[in-house]
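Take a look at the structure set out below.
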Amino acid sequence: MAEITTSVPPVTPEAIEAAGTDSLAASGLSTKSLSPRQMAVRRYFHHKGAFAATIVLGIMVLFVLLAPITARYGVNEAIFRAQAGVPNQNLAPFSKAWFGTDEIGRDIYSRLIYGIRVSLLVGIAAAFFATLIGVTVGAFAGLRGGRFDDLLMRVTDVFLAFPFLVALLVVRNLLGELDWVTSIFGPRTSLRFIIMLFTLFGWMAVARIVRGNVLALKEREFIEAARALGASNWQIVSRHLLPNSIGPVMVALTNTVVAAIIGESTLSFFGFGFQAGAGDTSLGLLVADAKGGVLSGWWWKVVFPCSALSIIALCINFIGDGLRDATDPKLVQG
Amino acid sequence: MARFILRRLIWTIPSLIVVTFLVYIAIRIGTNPAESYKRSNPRANAAKIEEYKQLNNLTGNYVKGYVKWSQGFLKGLFDGGASWQRTIKGRQEVWPLLKDAMANTLRLGLAATVIGIGFGILLGIYVAMRPGSLRDATVNTGAFVAFSIPPYVSAVLLQLFLAVMWSRWFGSSLLPTSGVYPPGHQGFDLWLMAKHMVLPVMVVSIQIIAVYTRYMRASLLEVLNSDYMRTARAKGISERRVLVNHAVRNSLIPVVTVAAIDVGGILGGLIITERIFSYPGMGDYFLTAFSNGDFPQLMPFMVVVVFAVLMFNLVADVSYAWLDPRIRLG
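Chains A and B are the protein sequences, given in the same order.
Sequence positions in the first sequence follow my numbering and run 51 to 384.
Sequence positions in the second sequence follow my numbering and run 3 to 332.
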C-alpha cells in the first residue's frame, strides 16, 4: 500500500494538463474544466467520419475558392488542340484534360471546379436564409403557441408529406408565373430564384426542430429563473432558448445544405433548373450533361461530376452527423 | 377502433378538398394555360384557347372554377374518365394514360419497397445484435454512404457500368438500360419485363435498404435495452425466442408505421428513377404533363397523389394503434 501511494506524483495543475484530459474529459472526471463548447469541439474531432469529411470538404472548398488558379481552363474555354488531326471533343482523360473533355471540347475538370462553386453557393445561401427564417418562425411558434403554432404545423405537415419533387416543381412554376416574385428574384431559371425556392422548402424542417426544442425548454427551471429575474421575451429567446438549441439547428442547417445542393442538381438534371449564362455552370448542369455520356460509354463525363456531387453530399452529411454527436449532451462518447 | 377509422375517414374529405383547391390554384397559375396551349398547338387561334380555358374551368373566380372542375372530375370517376378533359397535346384521353402509369409505378414501387424493406429489416436486426462491432460499423457506414448518394447518381452509374460498359467489356449485354420492353415488343413477357426492372428496382431499393437498416437498428437497440428484455431472459426463455418473439416483434411497430407512409408516397415519388430509365410510370407521366403545362393531365395525377398520401397516413396511424396495445384511440 505504501508503495502505491508514494508512486503517485504530487498532483499539480501542470501535471494534469500534461497527462492529457482526453479520457478523463469524456467520463467527466477531468479536474481541468472544459467549457461545453470545448467539449463539443473535442467530441466533433473524435468522430472519425466528421473529421475526415471536414478535411475533404475543406480541400474542396479551397480548390473552389482559388478557382482562377486551380482551374486549368476557363469555364467555357475549349482546351488547346490536343493532337494534330484529332478533334478535341469527348476525349478520355489525358494529360491536358485530367477529367476528359465534353462534347464541345471543354475541360471537365475546370468546369467541375466552377460548377461546384455555384452549387456550394446555392446550398449555403439557401441553408443560411432557411435557417434564419426557420429559427425565427420556430421560436415564435414555440413560445407563443396557439393558433399560429397550429397553422404552422398544418402547413408544414402538408408540405413534408407531399412528394418532394412534385411539390418543388409545382411551386417553382407557380412562383415563376407571379410577376411580383420574378421582379424581386428574377426569372425562374436565375440563381436567385433557385436559392429562394430552396429557402422556401428548407425553412420548414428548421422551424419544426426549433419549435420542438423551444417547447421542451421553455418549461425548464432556468427559463423560469430568468423570467423571475425580469428577463424580457427577447432576452430569453436570444440568451437562453437559442443557444440551447444550437446543436439541432446546426444539424438541420447541414441537412438543408445537402437538400439544396442535391435539389439544384435534380432540377438541372430534368432541365428545370438554373440556366447558365456565359461563363457559368453548376454541378447539376454537369451531372445533367452526364446523361448524354451514358449510352455512348463516355464514362468520364458521368463518373467525375457524379462522384463530386456524391462526395460533397456525403461530406456534409458526415459533418452533420458529427455535429449531432458533438452537441448532444446525452451522448457521452463521440 | 371502427369509430376512430370512420372519423378519420370523414376528416380526410375536407383535407382532400383544401389541398386539391390549393393545388388547383397552383397549377392553374403555374401552367399558364394560354401559353402552354399555344406551345402544344402552335396553330391555335384565340377562340381555341378560350375554348380550352372554358372547358377546363380555368377562367374567372378561383372558387367557382374549382367547384366546376371538381364536378367534372367526380363525374369522370363514375364513367371511366370519359367526362375528363383530354390532354392538350395529342388530345388523348387521360384515364387510360393515368391507369397504365399507376400500374407500372405500383409494380416498380412495390417490388422495390418489398425488397428494400425486407433487406433493410434483416440487415438492421443482424447489425443490432452486435452493437459496436466491426460489422455494425461497416453496415452503418455503408448505409450512411448509400443514403447520401442522390438516386440519379446511382441510377446513371449503374446504367453506365452494368449495362453499357458491361456489354463493351464482356461482349454480351447483361441488362437493358431503359423501358419496360425492348422497342417493338408486343404482348406480355414476364422474363423480359423482370430484366428491364432490375436496374430501376436496384436504384430505388438501395435507398430504402439504407434508410430501413438504420431505422430498424435504432428501433431494435432501444427494445433490447429495455427492462422487459431482462425479464424475458430471467424467465429462462431461450435467447432465440427472446429475440424473435419479444425484441423483433416490438421493434417492428415503429418501422411498420413508417413503411405505411412510405408506401403512400410511392405513387408520386419515383420520378427521378423513372425518368432516367424511361420507365412509363407516374413520374414519367407527371414530368411529361408538367413540361407541357397540361392542366387536364396534371390535376388527376395530383388528386391521386394527395389521396394516396392521406390514406396511407391513416393506415400508419391505425396500424400503430393496432400493433401497440398501449395506445388507445379516442
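The C-beta atom is built at its ideal place from N, Cα and C for all residues, glycine as well.
No experiment lies behind these values; they were computed from the predicted model shown.
The beta carbons of Phe368/A and Ala103/A sit closer together than 8 Å. Under the DSSP assignment, Ser169/A falls in the alpha helix (DSSP H) whose first and last residues are Ile158 to Arg194.
Chain-ordered, the chain A residues with CB closer than 9 Å to the CB of Arg277/B read Phe319 and Phe320. In the DSSP assignment, Thr61/B falls outside any alpha helix (DSSP H), carrying neither H nor E. For Val216/A, DSSP records no beta bridge to any residue.
By the CB criterion at 8 Å, Gly266/B and Arg41/B fall outside the cutoff. Counting along the chain, Lys101/B sits inside the alpha helix (DSSP H) bounded by residues Val96 to Ala130. A check of alpha carbon separations from Trp168/B across Asp375/A, Val344/A, Val220/A and Gly370/A identifies Val344/A as the nearest.
The C-beta of Leu162/B comes closer than 8 Å to at least one C-beta of chain A. Taking 8 Å as the CB threshold, Glu314/A stays off the interface with chain B. Beta-bridge analysis with DSSP links Val258/B to no other residue. For Tyr154/B, at least one C-beta of chain A is nearer than 8 Å to its own C-beta. For Val136/A, the secondary structure class from DSSP, reduced to helix, strand or coil, is strand. Here the alpha carbons of Ala176/A and Leu162/A stand approximately 21 Å from one another. With respect to the 8 Å criterion, Ala257/A and Val187/A are classified as neighbours on the basis of their beta carbons.
Under the three-state reduction of DSSP output, Thr179/B falls in the coil class, being neither helix nor strand. Within a 10 Å sphere around the beta-carbon of Met246/A sit 16 or more other beta-carbons, which makes this residue buried. Cβ-Cβ separation between Phe297/B and Ile273/B: approximately 19 Å, too far for a contact (criterion under 8 Å). Here the alpha carbons of Ala309/A and Val208/A stand approximately 18 Å from one another. Here Ala266/A is not near Ala90/A, since their CB atoms are 8 Å or more apart. The segment 213-224 of chain A makes contact with the segment 316-327 of chain A; the number of CB pairs closer than 8 Å reaches 3 or more.
Residue pairing from DSSP leaves Thr89/B without any beta-bridge partner. Proximity of Thr33/B to chain A, defined by a Cβ-Cβ separation below 8 Å, is satisfied.
The alpha-carbon of Lys268/A is positioned some 57 Å away from that of Ala84/B.
The C-beta of Arg170/B comes closer than 8 Å to at least one C-beta of chain A.
Chain order gives the chain B residues near Ala340/A as Val158, where near means a beta carbon separation below 8 Å. Beyond the five residues adjoining it in sequence on each side, Ser175/B comes within less than 8 Å, by CB distance, of Ala165, Trp168 and Ser169 in the same chain, given in chain order. Straight-line measurement puts the Cα of Ile117/B at about 37 Å from the Cα of Phe95/A. Rounded to whole angstroms, the Cβ separation of Thr215/B and Val141/B is 6 Å, and the two are in contact under 8 Å.
Here Phe113/A carries a helix assignment [DSSP, helix/strand/coil].
Each of Asp102/B, Ala48/B and Val21/B was checked against the Cα of Tyr68/B, and the nearest Cα belongs to Val21/B. Beta-bridge partners of Ala147/A (DSSP): Phe144/A.
His97/A carries a coil assignment under DSSP once its states are collapsed to helix, strand and coil. Closer than 8 Å to the CB of Ser321/B there is not a single CB belonging to chain A.
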